[in-house]
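Protein sequences, first through last, are from chains A and B.
Under this note's numbering, think of the first position of the first sequence as 3, with each following residue one higher.
Under this note's numbering, think of the first position of the second sequence as 3, with each following residue one higher.
The beta carbon of each residue, even a glycine, is placed where N, CA and C say it ideally should be.
Number of protein chains: 2
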Amino acid sequence: MAEHPTRYEQLADDMAQAIREGLLRPGDRLPSVRETCLRRGVSPATVFQAYGLLETRGLIEARPRSGFYVQAARRAPRAVPQAAVPKTEATEVAVSALAFDLLESTRDPAVVPLGSAFPGAHLFPIEVLARSGARAMRRLKPQQITSALTAGDDKLRQSLRRRYALQGIPLAADELVITNGAMEALNLCLQAVTQPGDVVVIESPTFYAALQVLERLKLRAVEVATDPAEGVDLDALAGVLARERVAACWLMPTFQNPLGALMPVARKQDLVALLARHGVPLIEDDVYGELYADVRRPPPAKAFDSDGLVLHCSSFSKCLAPGYRVGWAAAGRFARDVQRLKMMSSLATSIPPQLAIADYLLQGGYDRHLRRLREALAEEQLRVRRLIERHFPVRTRVTRPAGGYFLWLELPPDTDALALHHRAMAAGISTAPGVLFSADRRFTHHLRLNVGHPGDERIDAAIRTVGEVAGARR
Amino acid sequence: MAEHPTRYEQLADDMAQAIREGLLRPGDRLPSVRETCLRRGVSPATVFQAYGLLETRGLIEARPRSGFYVQAARRAPRAVPQAAVPKTEATEVAVSALAFDLLESTRDPAVVPLGSAFPGAHLFPIEVLARSGARAMRRLKPQQITSALTAGDDKLRQSLRRRYALQGIPLAADELVITNGAMEALNLCLQAVTQPGDVVVIESPTFYAALQVLERLKLRAVEVATDPAEGVDLDALAGVLARERVAACWLMPTFQNPLGALMPVARKQDLVALLARHGVPLIEDDVYGELYADVRRPPPAKAFDSDGLVLHCSSFSKCLAPGYRVGWAAAGRFARDVQRLKMMSSLATSIPPQLAIADYLLQGGYDRHLRRLREALAEEQLRVRRLIERHFPVRTRVTRPAGGYFLWLELPPDTDALALHHRAMAAGISTAPGVLFSADRRFTHHLRLNVGHPGDERIDAAIRTVGEVAGARR
């Protein structure tokens with residue numbers, strides 16, 4: 003093929019590619035010459051030349067008075083370069099690229115998912131949910147499709163409000179907006195209370211998506227030290243609030259990602275009171291709240307909010323229905339703004355998964371499922387912590403979170419955890435290196451490990467391998 | 003209740019509200035005193051006082067050694083003021099508020115939906131889709147949940163690529179990203195090619211959501227005149243491109259909303275060529291492309307794109323599965339950026355609706371459904387146009403779109419279409435007044451009417467009513 007192909011060569015190459023990739027299959031009729039002229043803006047002569055070229059190459063055949071068809075006995079597909087989709091890593095901070103690669107790696111079932119952000123999908127009642135979805139969809143009245151715009155399905159919101167009420171948190175009737183997972187809820191809440199250029203306080207270390215989202219919304223992050231046991235440092239936070247005009251705090255007071263930190267109740271109250279004095283909204287990411295190892299659900303900061311300043315975000319993705327992308331925001335006095343932003347950014351949340359979950363919740367098995375899930379995660383945490391003690395360098399420090407499914411490891415200070423991550427990936431094991439969790443690459447010898455995959459037989463060997471690699475690096 | 007209630011009064015009021023609203027139901031056990039202390043950050047004495055107050059009011063009862071329960075024979079619910087969720091209309095342009103109200107009105111099945119943006123839900127194979135969804139969910143392997151992150155389900159993307167290929171448009175393998183409806187696709191594409199403050203060209207009149215989205219992303223809109231028959235004025239567009247640094251064009255070359263304009267093929271080619279000369283990306287909103295009244299699908303501008311500058315956005319919401327919120331972007335050279343932005347804003351699109359549609363497409367009934375849908379919409383357009391001729395003022399001008407399900411009416415110049423809209427709403431009929439479709443309230447005597455509700459027996463009377471009100475206004 004010439005460097006500058008003619009129009010007909012280009013057309014023939016495009017069709018050939020579609021055939022090679024199986025998009026056009028043996029026996030498929032090609033668009034007519036007239037249609038192709040219209041669609042590609044070329045002359046009939048060009049199309050005839052292109053089709054002639056494809057015939058010569060044996061890819062298509064002409065059938066008299068009928069048109070052109072993909073050759074039944076076409077050659078075996080070859081590996082060919084794809085039309086390039088350029089990468090643009092250079093324009094983004096390294097955290098984004100690394101996080102993106104990490105997410106990509108979780109798509110590969112052959113990789114042991116110690117770096118994944120999700121628990122094992124086998125822990126969830128996927129079949130029961132599917133039955134609930136089928137039942138709910140059979141009963142769907144067409145008008146429900148528009149009535150669920152924009153805030154979400156009424157039954158689902160009613161069930162959620164009931165769960166809040168049983169925790170002693172009464173929500174206003176229109177306070178809940180169902181979102182495309184907690185990620186969208188957090189994005190909408192941030193946009194509701196900030197303008198580009200504003201300062202937002204986050205934890206350090208923090209969930210890497212927070213760094214990406216702030217970057218995307220052109221917000222300035224101030225990281226506040228966060229303790230693996232007690233959560234964000236309130237004195238440090240008070241200092242920031244005194245010094246800077248803070249537009250919002252985005253925190254995870256319950257089972258913080260990556261630390262697993264659980265703020266004691268009194269500190270949550272102090273946090274809410276401190277922010278109320280400054281009139282600063284708190285965006286509370288509570289996606290792990292149901293995954294407690296103790297006997298009862300820790301109250302969210304939202305429970306202590308009497309000013310409508312807490313925007314509480316959560317989802318079913320980590321505790322019931324991964325992949326359903328059903329989350330929500332209970333956004334206090336900002337609820338209407340969040341609903342507007344939802345309309346402008348994705349109009350509404352998909353109805354079938356909402357109906358499936360609403361039906362499932364009414365069947366009454368949710369709390370039983372949660373009990374089993376909590377037990378499985380707590381046991382697995384214990385098990386993996388023992389494995390780490392056995393296989394990792396002696397000076398490794400490990401968190402003991404009271405919920406969630408992450409362990410945060412502080413390796414000996416001379417460990418390069420990013421290099422460790424790359425070596426583990428080469429061995430088919432993903433990890434989440436500490437540099438992911440701060441904009442200024444602070445956690446160089448830290449790792450977050452996912453302990454949410456009980457029953458995955460590859461875990462033991464993977465922990466051993468990562469531990470040995472960590473030991474060898476010193 | 004005092005103006006500043008004490009802590010226990012506040013707690014009691016909150017619980018009372020939850021009971022009145024049915025969130026706590028007769029016989030439900032209230033959280034224990036200890037739990038409530040923890041959750042609300044109050045002393046046991048406060049909780050006892052609050053529960054005592056609720057007992058006095060007859061709302062709850064104490065059961066010895068068991069706790070407090072919602073009274074079985076509680077008083078009938080009263081209408082009470084809700085905790086206020088403040089409105090913030092004043093901070094937004096009027097178009098947003100009006101659009102929001104209009105969307106809200108479509109939630110009410112009692113309102114005749116002439117202002118709706120959606121066709122009648124009965125036109126869609128909702129039950130067949132539900133069966134497809136149930137089948138696909140039964141077959142779901144847990145690992146599919148993570149493999150569909152972030153770009154979407156592989157089978158669905160493969161089917162979509164095949165449909166593009168059959169139109170003579172070969173897509174790169176990773177070019178498609180499945181989104182939460184076309185609305186999210188458009189948002190992500192805009193963000194991929196613009197920075198706050200940039201100029202974006204839109205049509206005039208334009209889809210009101212475009213105005214909202216640009217406002218949200220702090221982009222500056224330049225409106226270019228658009229002809230009801232031929233689409234955007236290319237000379238005017240060339241003038242803008244010569245004068246201004248334009249970051250992107252956001253256009254609907256096929257069955258434009260609200261005009262229904264279809265750009266002739268040659269003009270689409272000219273458009274793509276013009277933008278390529280200026281290196282300006284085209285965000286092509288093609289959600290109505292399948293709804294043609296003619297014999298074949300008009301090619302999108304994407305068909306003429308050899309530079310990867312056309313970001314083609316569409317969805318199944320208007321032609322197959324309203325409420326499923328399954329859309330996509332084929333974003334050319336910006337595909338990877340769009341995928342990144344998708345990860346940061348909502349991580350991934352819900353899996354069950356994707357699987358349902360993917361299964362449905364493989365069953366082979368889609369094109370048959372589309373043929374029936376097109377026929378129904380074309381017939382209904384004819385029918386309603388006749389009704390308008392009969393019942394509207396004689397100087398009313400009406401478009402004759404070659405697809406989609408909107409009519410654009412230009413009423414006599416002294417008509418106040420916004421007042422007409424409000425009077426129609428008072429009669430239980432929604433319309434979409436022209437001022438919605440421009441930032442500078444240009445279309446004061448225009449209306450967009452939805453003709454996508456064949457079989458709705460209220461349509462005839464509604465058209466007549468709106469026509470009579472329009473006549474009376476002159």
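Who are the near neighbours of residue i in its chain, counting only those whose CB is closer than 6 Å to its CB and skipping five residues on each side?
i	result
LEU220 (chain B)	Correcting the residue type first, residue 220 (chain B) is Lys in the shown sequence and not Leu. Within the same chain, LYS220 (chain B) has close Cβ partners PRO198.
ALA295 (chain B)	ALA380, ALA404, GLY405
PRO88 (chain B)	Because PRO88 (chain B) carries a pLDDT of 30, less than 50, the predicted location of this residue cannot be relied on, and the following value inherits that uncertainty. Nothing listed; no residue qualifies.
SER118 (chain A)	THR108, ASN452
PRO260 (chain A)	PRO207, PHE408, TRP410, PHE439, ARG450
ALA211 (chain A)	none
LEU173 (chain B)	ARG163, TYR166, ALA332
PRO456 (chain B)	ALA378, GLU382
LEU363 (chain A)	SER161
ASP339 (chain B)	ALA194
Rounded to whole angstroms, what's the CA-CA distance from residue i to residue j? Just pull it up for me.
i	j	result
ASP369 (chain A)	ARG159 (chain A)	17 Å
ASP16 (chain A)	PRO354 (chain A)	37 Å
ALA187 (chain A)	LEU384 (chain B)	43 Å
ALA289 (chain A)	GLU246 (chain A)	In the sequence as presented, Ala is not what sits at residue 289 (chain A); that position holds Val. Looking at the two C-alpha atoms, the distance is approximately 28 Å.
ILE147 (chain B)	VAL72 (chain B)	41 Å
GLY154 (chain A)	ALA441 (chain A)	35 Å
HIS447 (chain B)	PRO33 (chain B)	58 Å
THR8 (chain A)	ARG374 (chain B)	40 Å
ALA240 (chain A)	ALA360 (chain B)	52 Å
MET3 (chain A)	SER352 (chain B)	With a pLDDT of 38 at MET3 (chain A), under the threshold of 50, the modelled position of this residue cannot be trusted, and the question is left open.
ARG41 (chain A)	GLN19 (chain A)	17 Å
ARG222 (chain A)	ARG222 (chain B)	23 Å
ALA250 (chain B)	GLY454 (chain A)	44 Å
GLU129 (chain A)	ARG140 (chain B)	6 Å
LEU422 (chain B)	ALA464 (chain B)	13 Å
PHE394 (chain A)	GLY24 (chain A)	48 Å
GLU205 (chain A)	GLY233 (chain B)	51 Å
VAL1 (chain A)	ASP462 (chain A)	The question about residue 1 (chain A) has no answer, for chain A in this structure spans 3 to 476.
LEU322 (chain B)	GLY367 (chain B)	11 Å
PRO79 (chain B)	ARG443 (chain B)	Any reading at PRO79 (chain B) needs caution, since the residue's pLDDT is 32, under 50, leaving its predicted position unreliable; the model's value is listed next. When rounded, the distance between both Cα atoms is 45 Å.
ILE431 (chain B)	ALA472 (chain B)	13 Å
LEU313 (chain B)	LEU168 (chain B)	19 Å
VAL202 (chain A)	ALA303 (chain A)	18 Å
Just confirm the distance between the C-beta atoms of residue i and residue j, as a whole number of angstroms; I'd bet it's less than 8 Å.
i	j	result
PRO403 (chain A)	GLY262 (chain A)	2 Å
ASP458 (chain B)	GLY122 (chain B)	6 Å
PRO300 (chain B)	GLY291 (chain B)	7 Å
MET345 (chain A)	LEU105 (chain B)	6 Å
THR48 (chain A)	LEU13 (chain A)	7 Å
LEU372 (chain B)	LEU151 (chain B)	Not really, about 30 Å apart at Cβ, beyond 8 Å.
VAL347 (chain B)	ALA184 (chain B)	Inspection of the sequence shows that residue 347 (chain B) is occupied by Ser rather than by Val. The Cβ separation is near 15 Å, so there is no contact.
LEU178 (chain A)	TRP330 (chain A)	6 Å
Tell me which same chain residues have a C-beta within less than 8 Å of the C-beta of residue i, skipping the five on either side of it?
i	result
ASP235 (chain B)	VAL226, ALA227, THR228, ASP229
ALA132 (chain B)	ALA358
TYR326 (chain B)	LEU131, PHE318, SER319, PRO355, ALA358, ILE359
ARG62 (chain B)	Reading off the sequence, residue 62 (chain B) comes out as Ile, not Arg. These residues qualify, in order along the chain: MET17, ILE21, LEU32, TYR53, LEU56, PHE70, TYR71, VAL72, GLN73.
LEU276 (chain B)	LEU236, LEU239, ALA240, LEU243
ARG335 (chain B)	ASP309, GLY310, LEU311
THR196 (chain B)	VAL202, LEU219, LEU221, ALA249, ALA250
Got a sec? Which residues, its chain only, sit under 7 Å from residue i by beta carbon, not counting five neighbours each side?
i	result
PHE306 (chain A)	LYS270, GLN271, VAL274
GLN365 (chain B)	SER134
CYS39 (chain A)	SER45, PRO46, VAL49
| query | Which full runs of the beta strand (DSSP E) of 3+ residues lie inside the segment 278-320 of chain A, going along the chain? | reply | 284-287, 312-317
| task | Only counting runs of 3 or more residues, tell me where the beta strand (DSSP E) segments fall wholly within the segment 117-200 of chain B, in order along the chain. | result | 178-182
| field | Continuous alpha helix (DSSP H) assignments of at least 4 residues falling wholly in the segment 30-55 of chain B | value | 35-42
| field | Continuous alpha helix (DSSP H) assignments of at least 4 residues falling wholly in the segment 349-405 of chain A | value | 353-365, 368-393
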